[in-house]
Structure formats: structure tokens, C-alpha cells
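Q: Protein sequence lines correspond, in order, to chains A and B.
Number 631 in our numbering belongs to position 174 of the first sequence; there are no gaps in the numbering.
Number 95 in our numbering belongs to position 113 of the second sequence; there are no gaps in the numbering.
Note that beta-carbon positions come from the ideal geometry of N, C-alpha and C, so glycine has one too.
No experiment lies behind these values; they were computed from the predicted model shown.
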Amino acid sequence: MTAPMLEIDDLTKRFGGLVALDRVTLDFEPDVLHAIIGPNGAGKTTLFNTITGMLKSDSGTVKFRGTDISGMAPHRISRLGMSRSLQIKSVFDSMTVAENLWIAAQASQGVMHPFANRSRFGRTAERVDRILELTELERLRDTPAGTLSYGDVALLEIGIALATQPSLLLLDEPICGMGPAETAATVEKIRHLAESVDIIIIEHDMPVVFDLADRITVMAQGGVLARGAPEEIANNAAVREAYLGEEEEDDEPDA
Amino acid sequence: MKARIDRTVLLAVLALLIVAPWLLQSMELEFWLDILAEVLIWSLFAASVNILFGYAGLLSFGQALFFGMGMFGVAIGIAKLGLGFWPALGLGMAVAVGTAAVAGALAVRLTWHYFAIITVVFSLIFYFIALSAKPLTGGDDGTSFSMPAMLEVGDFELSLTDQTVQYFFILSVVGAAYFLKFLIVKSPYGMALMAVRENDTRASLIGLNVYFLRWTAFVIAGGFAGLAGCLFALFGRYASATYMFYHVSGEGVVWTIIGGAGTLFGPVVGTALLIVVREELSNMWEHYPILVGLVVILTVIFAPKGLMGFWNALLDRLTQPPADRAAGGEPHEPREEAAAVQVRGKDRP
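1. Going along chain A, which residues have a C-beta under 7 Å from B:Glu180?
2. What does DSSP give as the partner residue(s) for A:Thr674 in the beta ladder?
3. What number of angstroms, rounded off, separates the C-alpha of B:Ala(-15) from the C-alpha of A:Met539?
4. Would DSSP call B:Ala309 helix, strand or coil?
5. Beta-carbon of B:Asn191 versus every beta-carbon of chain A: anything under 8 Å?
6. On the criterion of 16 or more Cβ atoms from any shown chain inside 10 Å, does B:Ala309 qualify as buried, or is it exposed?
7. Between the C-alpha atoms of A:Gly500 and B:Gly157, what's the straight-line distance to the nearest angstrom?
8. Could you check how far apart the C-beta atoms of A:Asp629 and A:Phe505 are, in whole angstroms? I think they sit under 8 Å.
9. Compute the Euclidean distance between the alpha carbons of B:Leu22 and B:Val(-5), then round it to the nearest angstrom.
10. Note down, one range per segment and in chain order, each beta strand (DSSP E) of at least 3 residues found wholly within the stretch 501 to 548 of chain A.
11. Run down chain A in chain order and give the residues with a C-beta less than 7 Å from the C-beta of B:Tyr160.
12. Use the C-beta contact count for B:Ser186: other C-beta atoms within 10 angstroms, 16 or more gives buried, fewer gives exposed.
13. Considering only DSSP beta bridges, list what A:Thr553 is partnered with.
14. Could you name the residues of chain A that B:Tyr171 contacts, counting a contact when the two beta carbons are closer than 8 Å?
15. Is the shortest distance between the beta-carbon of A:Arg536 and the beta-carbons of chain B less than 8 Å?
16. Taking all protein chains shown into account, decide if A:Thr507 is buried (16 or more other Cβ within 10 angstroms of its Cβ) or exposed.
17. Within 8 Å of any Cβ in chain A, is that where the Cβ of B:Thr183 sits?
18. Take every Cβ of the stretch 137 to 146 of chain B, pair it with every Cβ of the stretch 541 to 556 of chain A, and state whether three or more of those distances are shorter than 8 Å.
19. Find the residues of chain B that neighbour A:Thr509, judging by a C-beta separation of less than 8 Å, and give them in chain order.
20. Would you mind sorting A:His649 into buried or exposed? The rule is 16 or more other CB atoms within 10 Å of its CB.
21. Tell whether a beta-carbon distance below 8 Å holds between B:Gly59 and B:Pro69.
22. Using DSSP bridges, identify the partner residues of B:Ala158.
23. Pick from B:Met226, B:Arg196 and B:Val274: whose alpha carbon is nearest that of B:Ser105?
24. Report buried or exposed for A:Ala617, applying the criterion of at least 16 other Cβ atoms within 10 angstroms of its Cβ.
25. Could you tell me whether any Cβ in chain B is nearer than 8 Å to the Cβ of A:Arg471?
26. Of all Cβ atoms in chain A, is any one closer than 8 Å to the Cβ of B:Ala174?
27. Ignoring anything shorter than 3 residues, give me the beta strand (DSSP E) runs that lie fully in the stretch 581 to 634 of chain A, in order along the chain.
28. Which same chain residues, not among the five before or five after B:Ile240, have their C-beta less than 7 Å away from its C-beta?
29. Whose Cβ in chain A lies nearer than 8 Å to the Cβ of B:Ala210?
30. With a cut-off of 8 Å, does the C-beta of A:Gln563 fall near any C-beta of chain B?
31. Going by beta carbon distance, what residues of the same chain come within less than 6 Å of B:Arg307, once the five residues before and after it are set aside?
32. Using the Cβ count rule (16 or more neighbours within 10 Å means buried), how would you classify B:Tyr96?
33. Does B:Ala177 have its Cβ less than 8 Å from a Cβ in chain D?
34. What would DSSP say about A:Arg480, mapped onto helix, strand or coil?
35. Would you call the stretch 19 to 33 of chain B in contact with the stretch 212 to 231 of chain B, where contact means no fewer than 3 C-beta pairs closer than 8 Å?
36. Rounded to whole angstroms, what's the CA-CA distance from A:Pro623 to A:Ser535? Just pull it up for me.
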């Protein structure tokens, strides 16, 4: 087996009396599309927040491609090549779509050029164009991000995360709020992206997860309930009972 | 089209500012030249508020502290240390920027109301220190000095005692500072500041060091305020703790908001308007600040981007065919009009 790109060891995060992450130990191998599922409050987003430095863990370590990133500031982790989209969509509202992508693309290249005009950064501009094309936001390039539809903001979220040139992309419910056509298109894009960048996705839409993921991690109550290939998870009795539930039978892909 | 109108207006204003000494002389309105100089200095001060509030999203009520530091740096440098013109100016800037670097390191750990409060606290602390350090600052009386020459070559002497020289000195310094501000706003750094203003969580996730960016903005803004203070000390041959009081900071905020925070020239417009209003109305009606207060309230409600925002919207209407407008409009020239001052809850957890 190849060395894991992300190693989470004994990670614990408490909010007062609530244990959001309970000694989570997880390895994510590269070149595999990972999905994390679990009921609300299972600790999925807290896991992302702790990995990316937005929250400090109470104990345990996170290693990203061999580097210990526990307790590192979010911007430093980002510069190591880990990027994420947020569950509650969050972009730079009064800036245009192109500007949103521009600053994301330039951020890792250094922004302390107080006197250089933005138009001089050709490589960044190229990258912005590429991502506009990839996310099909070209037609909206000069629209302020705050006026976009929910589905377009979700695409911009992914675009911003990509613009930082990550080697690992954490997507937190990327298709939440999209219509069926947009969802199908976005799922294809994510599948395509996975060929060039490692992806871990949190998603509630079961058909999407079982269609997309190579490997699924099921979380419940701050811990890991099960891991495995989609068919293993679908047939796992503990998962069916705790999460999928008999009454949600039709949520399964092969149902 | 729009950019052309903007450029034309800017050049016209600049031309008027350059011929102002002769124009006002021919109209026998010489005293307005000093008012004009004062407007320029205070609009540099308002630019300091604008860099923090309009671009970095930090509302400071403490910029007067750095203005005062610049003033005292120059006045003490000349009166107590016997420095010449340029070294005194350098001392004023060094003191202002140094104070901003230290105060900023603490202040930018906070945002919104907490940040506003800590800036007021800092400026109050230094206000009282300046009042009580009588041997150094002159306490209540302030420190006055006589103007050293700016340039002496043989018999030739250039000094701010000449009203026209003084005006052009102030005009060129303020002009250069605004050009600097323009460069900053258009640079990647300026864009990064705006990203931090818009959404600091997202900014840190794309790899921006939010704390460092805010701190540098604070230091740059401190430099602008300090430079304004240096100019004002030279202009009045005097420094006083009165100008460190947060009341002065508040005026800078008011000018910026009325003119248009987050726009390059908003602070100039706001400052010019309110200082002229003050000059014209304060003799007639001592309660004229009531009117100013009313204008501020109306601006915040009806023109949140200030007069510059209003001007930009007007130009958009005039220069854009209606069909285009319905379709989402002309590609939107970044920042100038897009940078709305967003007075909404920004203090995300």
C-alpha cells in the first residue's frame, strides 16, 4: 500500500462537555476519491475544521504528506497544498467572480507586492481563465459574487479552492443547494478533478456518494463507525442500522 | 466611457488645484488658499481612515493618535531638538509609524466593535500622556516653533513661510500620497486586503495571513495619518494634544463615510465638502454640526457608498444603454464602485 497522504492520529476535539471528535484515527491514501458520511453531528465538518487549522484540536496529531500540521495556522496549511470548500458557502461578496479566483490563485504566490499592478501577473490570470472554464463561470466573470445564485456560489466555492493549486481538496457538501442538472454536472467535474488532485468529500446525498467515492468513511458520534468500498458500506449491518436506516432503503444506489 | 469621464474630472480638479494660488489671488480670496491647504491635509488624514475601513474593513476611531504623533514628532524635533525641516519630518513619520506598528500588533487581534474600542482606548491613553508630559509636549499649551527653511542654497532659501510655497509643498505631498494609495489599491496586496475585508475565514483558507495583512494595513494607515499630522504641524507651526483626541478621529471617519469608504477619492470629496460647510456655516450658526449629523445619517441610509458611490451609480446610468443595464450591465470596473461599505454583522465567530 502507498503511504497515506493524510494521517490522523488519535484526534480529539471537545466543545465544552460535548466530544465532537473522539480519538479519531484515520489514514487517507492518495489517488483514491474519499467520501465521509454520517448523520448530522457526527463530527464530519469538525474533522475538516480541525485538519485545516480553523479549530485547534485538544489532542492528537494530523500529518499531511509527512508534515505534522497539528496546530498550524490555516493559511500555512493552505500553502502546503491543502484547500477546502466550506459547507456554509462563503465567498468574497463584493468582489467579482474573476477577482475571487484571482486572489485565491495569487495568495499562495505572495501578495506583498504593494506597488505592482494586478494586470502584470500573467500566470495568475491564465489560471483564473482555466478555472472559469472548468467551473463554467466564464459568463459570470464580472458579476459580483454576492449576487450569484446559490448553485453558482457553490461552483465558485470549488473554483476558489482549486485556484490555490491544491494537492488535496476537501469538499464540504459541494452540491448542497444545487438542482438535479447542476448536481449531475458537478459530480462529473469532481470525478474529473479527482484524476489530478486528491479529494475528500463530505456529502449527504447518498446516490452521489455511492456513485462517486472509491472509499467511504462512516462517522457517528465523533468516531469512525466503518470504512470500506461503497458496496461494503452498503452491506455493513452496523452502518445500515445506525445511519442508512431501514426506512431510508431507497437512498441506496442500487435500490 | 465612464473611465474617460472620471479621468477628465480628475485632471480638471488637479489643474484647478495647481492654478488655485493665482486664481484665488485674482479673485482676492487669498485666505481660501489656506483653507484649501487644510482640506488637502485633512483628506490625507481621511485616506488613513479609508485604508483601514474602506479597504481592510477595520473601523478605527484612533487615527488621530498617529496624526498627533506626526505633529509632535515635527514640533518637538524642531523646537526641542533643533532639527532642520527634513529631519523633523522624518522624526514625525518615524514616531507615527513606530507607534502604529506597536499599537497595531495588539489592535488587529480584534475586529469590529472590539477593534474600534481598542483604537479609542489607545488614543485616549496617549492623549492623556501628551497632556501630562508638559516638559516635552507643552501640555495644554502645546508646542510651537518657528519654521526652518526647507532648502537653502547660497542666498536662495525656500521656506513654507511663503504661502504659495507652503501650498505647493502640501499639494505635492498629498498628491504623492494619493498616488501611493492608488498603487496599493490596485496591487495584489490591495486585493488581498479587500479579500480580508470581505471574508476573513475564506481569506485564511486560501493562504492569506490575515493577521499580518491587517497589521501592515494598520501601519500603512498610521503612516498616512502621521504624514497628515506632520503637514499640519508645519502648516500651523504648532502641535497640540487636542489633535490626538478621538473627536478628531471621528471627523476622519465621518468625512470618509460621506465621501465614500472604499473609493480612492471618496475621502477627498467628503473632507472638502464638510470643511467648506464648516467654514461657511460655523459663523452663521454655531449648531451647524446638527446639519452634519443629519447628512451622515442620510448618507449611511440612502448612499452607503457615499458621494463617490452616488457619482459612480449616476455615471453608470448615464453611460449605459438601458438594455445593457437590465442584462447585468457593463463589465464592472473593479473596486471603485464595487467596494461597498458593508455595515452588516461581520463578526463571524
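A: For this structure:
1. Start at 1 with the first residue of the second sequence, and residue 180 of chain B comes out as number 198. Ordered by position in chain A, the residues that pass the 7 Å Cβ test against B:Glu180 are Phe549, Asp550, Ser551 and Met552.
2. Counting from one through the first sequence, the residue named residue 674 of chain A turns up at place 217. Note: A:Thr674 sits in a beta bridge opposite A:Ile493 and A:Arg684.
3. Sequence index remark: in the second sequence, residue -15 of chain B carries index 3 (1-based). Sequence index remark: in the first sequence, residue 539 of chain A carries index 82 (1-based). Each residue's alpha carbon lies about 40 Å from the other.
4. Residue 309 of chain B sits at position 327 when you count from the first residue of the second sequence. Per-residue confidence for B:Ala309 stands at a pLDDT of 46, beneath the threshold of 50, marking its modelled position as unreliable; the derived number appears in the next sentence. Note: B:Ala309 maps to coil in three-state DSSP.
5. The residue labelled residue 191 of chain B in the question sits at position 209 within the second sequence. For B:Asn191, the answer is yes, since a Cβ of chain A falls inside 8 Å of its Cβ.
6. Along the second sequence, one-based indexing puts residue 309 of chain B at 327. Low confidence applies here, because B:Ala309 scores a pLDDT of 46, under 50, leaving its location unreliable; read the following figure in that light. Under this definition B:Ala309 is an exposed residue.
7. By 1-based counting over the first sequence, the position of residue 500 of chain A is 43. By 1-based counting over the second sequence, the position of residue 157 of chain B is 175. Roughly 55 Å between the two C-alpha positions.
8. Within the first sequence, numbered from 1, the residue matching residue 629 of chain A stands at position 172. Within the first sequence, numbered from 1, the residue matching residue 505 of chain A stands at position 48. Correct: roughly 6 Å between the Cβ atoms.
9. Stepping through the second sequence from its first residue, residue 22 of chain B is reached at position 40. Stepping through the second sequence from its first residue, residue -5 of chain B is reached at position 13. So the alpha carbons of these two residues sit roughly 13 Å apart.
10. 516 to 521 and 539 to 541
11. The count along the second sequence starts at 1 and reaches residue 160 of chain B at position 178. None at all; the shortest Cβ gap to chain A is about 14 Å.
12. The residue you call residue 186 of chain B lines up with position 204 of the second sequence. Answer is buried; the Cβ neighbour count reaches 16.
13. As a position in the first sequence, residue 553 of chain A is number 96, starting the count at 1. Answer is A:Pro601, bridged to A:Thr553.
14. For this step, residue 171 of chain B is matched to residue 189 along the second sequence. Per Cβ cutoff of 8 Å: Val568, Met569, His570 and Pro571.
15. One-based indexing of the first sequence puts residue 536 of chain A at position 79. Yes, its Cβ sits closer than 8 Å to a Cβ of chain B.
16. In the first sequence, residue 507 of chain A corresponds to position 50, counting from 1. Counting Cβ neighbours within 10 Å, A:Thr507 comes out buried, since at least 16 surround it.
17. Numbered from its first residue, the second sequence carries residue 183 of chain B at position 201. Closer than 8 Å to some Cβ of chain A, the Cβ of B:Thr183 qualifies, so yes.
18. no
19. Your numbering for residue 509 of chain A matches position 52 in the first sequence. The contacting residues are Leu187.
20. Translated into positions along the first sequence, residue 649 of chain A becomes position 192. Exposed: under 16 other Cβ atoms inside 10 Å.
21. By one-based count along the second sequence, residue 59 of chain B stands at place 77. By one-based count along the second sequence, residue 69 of chain B stands at place 87. Yes. Within cutoff.
22. Numbered from 1 along the second sequence, position 176 holds the residue referred to as residue 158 of chain B. Looking at the DSSP assignment, B:Ala158 forms no beta bridge with any residue, so it has no partner.
23. For this step, residue 105 of chain B is matched to residue 123 along the second sequence. Among B:Met226, B:Arg196 and B:Val274, the Cα nearest to that of B:Ser105 belongs to B:Met226.
24. Within the first sequence, residue 617 of chain A is the residue found at index 160, counting from 1. Note that residue 617 of chain A corresponds to Ile in the displayed sequence, not to Ala. That one is buried.
25. In the first sequence, counting from the first residue as 1, residue 471 of chain A sits at position 14. Judged by the 8 Å Cβ criterion, A:Arg471 is not in contact with chain B.
26. Taking the second sequence and counting its residues from 1, the one referred to as residue 174 of chain B is at position 192. B:Ala174 counts as touching chain A.
27. 625 to 629
28. By 1-based counting over the second sequence, the position of residue 240 of chain B is 258. The residues are Gly252, Leu255, Leu256, Val277, Val278, Thr281, Gly288 and Leu289.
29. Counting from one through the second sequence, the residue named residue 210 of chain B turns up at place 228. In chain order: nothing, as chain A lies at least about 19 Å away.
30. Position 106 of the first sequence holds residue 563 of chain A. Yes, its Cβ sits closer than 8 Å to a Cβ of chain B.
31. Here residue 307 of chain B is taken as the residue at index 325 of the second sequence, counted from 1. At B:Arg307 the pLDDT is 48, less than 50, meaning the model places this residue with poor confidence and gives no usable figure here.
32. Residue 96 of chain B sits at position 114 when you count from the first residue of the second sequence. Exposed.
33. Among the protein chains in the structure shown, which are A and B, there is no chain D.
34. As a working mapping, residue 480 of chain A is identified with position 23 in the first sequence. Residue state, collapsed to three classes: strand.
35. yes
36. On the first sequence, residue 623 of chain A is found 166 positions in, with the first residue counted as 1. On the first sequence, residue 535 of chain A is found 78 positions in, with the first residue counted as 1. If I take the Cα positions, the gap works out to 8 Å.
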